[in-house]
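Position 6 (the sequence shown) corresponds to 311 in the working numbering; numbering is contiguous.
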Amino acid sequence: MQSDIEQGYLVLVDISGFTPFVAESELDHSQAILSEILNLIIRNLTPALTIAEIEGDAVFAYASRKKLPRGETLLEIVEATYVAFRDKRESSRRMATCRCKACQMIPGLDLKFIAHYGEYIQQSIEGKQKPLGSCVNLIHRLLKNKVNEATGWRGYALFTDQSLQSMDVHPINVHTQVETYEHLGDVTTYCVNLDDRYKELTDERRVFLRPEDADVVITASFPVSPPDLWVWLNDSEKRTSWRIGSEWHSGERPDGRTERGARNHCSNSDVVELIRDWRPFSYYTVDLLKPPMNLTSTTALEALPDGTRLTNTFRFNGRLPRWVCRILCKLAVGRGMKMKQSLEVLGRLLSEKEKT
């Protein structure tokens, strides 16, 4: 029986520097560290992506276009995984009490991500599905590239032209180069320096509206993972499907992607949404602007064993007495935005989706 052809994203995450790390350090400690890093990678890639195989010191994963409709989520998954790795690496370095060579060499490890988009079929091997096709061959060949030679970068994300086009993002400050492989020809690639990106994300001032500082607090739980819920909250078409009386559109993207400074617009209410803080799968904070209305809102996600808890906080900004601002905020969120009812609609949609 012939397998159906699918289209989707293919991702390889490779631990840079692991070969000399193993060769020059104690085997038992180096293998324990490898296992810890691989588990960290898998936790951050799934369930948005499916793990196809563990390939020594690399993880091969994939996701169909249907499973990852908001392509930009893939870039956010890559960055969130790298931030988790760097945080873990830094804490391991600070707290290391073991003087073995393996533990002392942890700071020399890094991650590189390779992402491609293309056609593949599902091949069943020992009861497990695995993508097969020329695009799978290509992404593995891309592990051998000239990025480090050209830039000196050790931690980076390499995207093919096909993957960025499918993701519909155009990040700035990328390194562009052409890789050439026998039988595959020239491949145009775009690379992001993840070390610089990590510094940007950790240096940025956080803007988080705590429940105790808010005028309105709404909580709800949903039967999906934080990355899945993140898509429903931020994809314009999906958000319009559950936000009562709204029609959302992506607006200005100063750096070619969704992050601090980007804007969205609701054409029904004429509300402009200005993103003030953007921490994928954890929280985001926005200003909702429609003079004289000026609200700040934080949407925070917390992973649960069977889904995600959402906490939405709102605060009315203005020079009026605080008690007046609180009343205006409740009117705006309750009667104007119908936020509680909208989240109930979202809950029904997600529950129906989980049943299918």
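Virtual Cβ for every residue (Gly too), placed ideally from N, Cα, C.
Extent of the continuous beta strand (DSSP E) to which E484 belongs: DSSP places E484 inside the beta strand (DSSP E), whose first and last residues are 480 to 486.
Runs of beta strand (DSSP E) lying entirely within the region 582 to 621, each at least 3 residues, in chain order: Contiguous beta strand (DSSP E) elements confined to the region 582 to 621 occur at 588 to 595, 598 to 609, 612 to 621, taking only those with 3 or more residues.
Does the Cβ-Cβ distance between L506 and V629 come in under 8 Å? Not closer than 8 Å, so no.
Output the distance between the C-alpha atoms of R544 and M642, rounded to the nearest integer angstrom. R544 and M642 have their C-alpha atoms roughly 13 Å apart.
Give me the Cα-Cα distance between N453 and L463, rounded to the nearest whole angstrom. Roughly 11 Å separates the two Cα atoms.
So the alpha helix (DSSP H) G652 belongs to, where does it begin and stop? That run of the alpha helix (DSSP H) goes 644 to 660.
Assuming R370 contacts G313 under a Cβ cut-off of 8 Å, what Cβ separation, rounded to an integer in Å, is found between them? With 8 Å as the limit, R370 and G313 qualify as a contact, their Cβ atoms being about 5 Å apart.
DSSP puts W553 in a beta bridge; with which residues? According to DSSP, W553 bridges with C571.
Which ranges would you report for the beta strand (DSSP E) in the region 478 to 544 if only whole runs of at least 3 residues count? Annotation note: the region 478 to 544 contains the following uninterrupted beta strand (DSSP E) runs of length 3 or greater, listed N- to C-terminal: 480 to 486, 490 to 498, 521 to 527.
Cβ-based neighbour list, A652, same chain, cut-off 7 Å, excluding 5 preceding and 5 following: According to the sequence provided, residue 652 is Gly. The question's Ala does not apply to it. The residues are A525, F527.
Just to confirm the assignment, what range does the alpha helix (DSSP H) spanning E454 have? Segment 452 to 456, the alpha helix (DSSP H) holding E454.
Terminal residues of the continuous alpha helix (DSSP H) containing I444? Where I444 is concerned, the enclosing alpha helix (DSSP H) starts and stops at 439 to 446.
Residue from I359, I338, G612, R375 whose Cα sits closest to the Cα of I347: Ranking I359, I338, G612, R375 by Cα distance to I347 puts I359 first.
Among S471, P516, E431, which has the Cα closest to the Cα of L615? Looking at S471, P516, E431, the one whose alpha-carbon comes closest to that of L615 is P516.
Residue closest to L482, alpha-carbon to alpha-carbon, out of C634, P476, C496: The amino acid at residue 482 is misidentified as Leu; the sequence shows Gln. The option with the nearest alpha carbon to Q482 is C496.
Is K417 buried or exposed, if buried means 16 or more other CB atoms sit within 10 Å of its CB? So K417 ends up on the buried side.
Counting Cβ pairs, one atom from each stretch, are 3 or more of them under 8 Å apart for the region 438 to 448 and the region 532 to 550? Taking a contact to require three or more Cβ pairs closer than 8 Å, the region 438 to 448 and the region 532 to 550 do not qualify as touching.
For H475, the residue or residues it bridges with in DSSP: DSSP output for H475 lists no bridge partner at all.
Kindly indicate which residue of E311, Y588, A455, L437 has the alpha-carbon position closest to the one of R511. Closest in alpha carbon position to R511, among E311, Y588, A455, L437, is Y588.
Within this structure, are the beta carbons of I523 and N622 separated by less than 8 Å? No, Cβ-Cβ distance for I523 and N622 is not below 8 Å.
So, does the region 315 to 322 touch the region 365 to 381, judging by three or more C-beta pairs under 8 Å? Using a Cβ-Cβ distance cut-off of 8 Å, the region 315 to 322 and the region 365 to 381 are in contact, since at least three pairs of beta carbons, one from each stretch, lie closer than that value.
Tell me whether P665 sits in a helix, a strand or coil according to DSSP, three-state version. Since the first and last residues shown for the chain are 306 and 661, residue 665 lies out of range.
The beta strand (DSSP E) that contains T417, what's its start and end? Rather than Thr, the amino acid found at residue 417 in this sequence is Lys. Residues 415 to 430.
Among L499, S602, L594, which has the Cα closest to the Cα of L514? The residue with the shortest Cα to Cα distance from L514 is S602.
In terms of alpha-carbon separation, which member of D362, T355, P597 lies closest to F295? This structure cannot settle anything about residue 295, because the visible part of the chain is limited to 306 through 661.
Could you name the residues that DSSP lists as bridge partners for P436? Q427.
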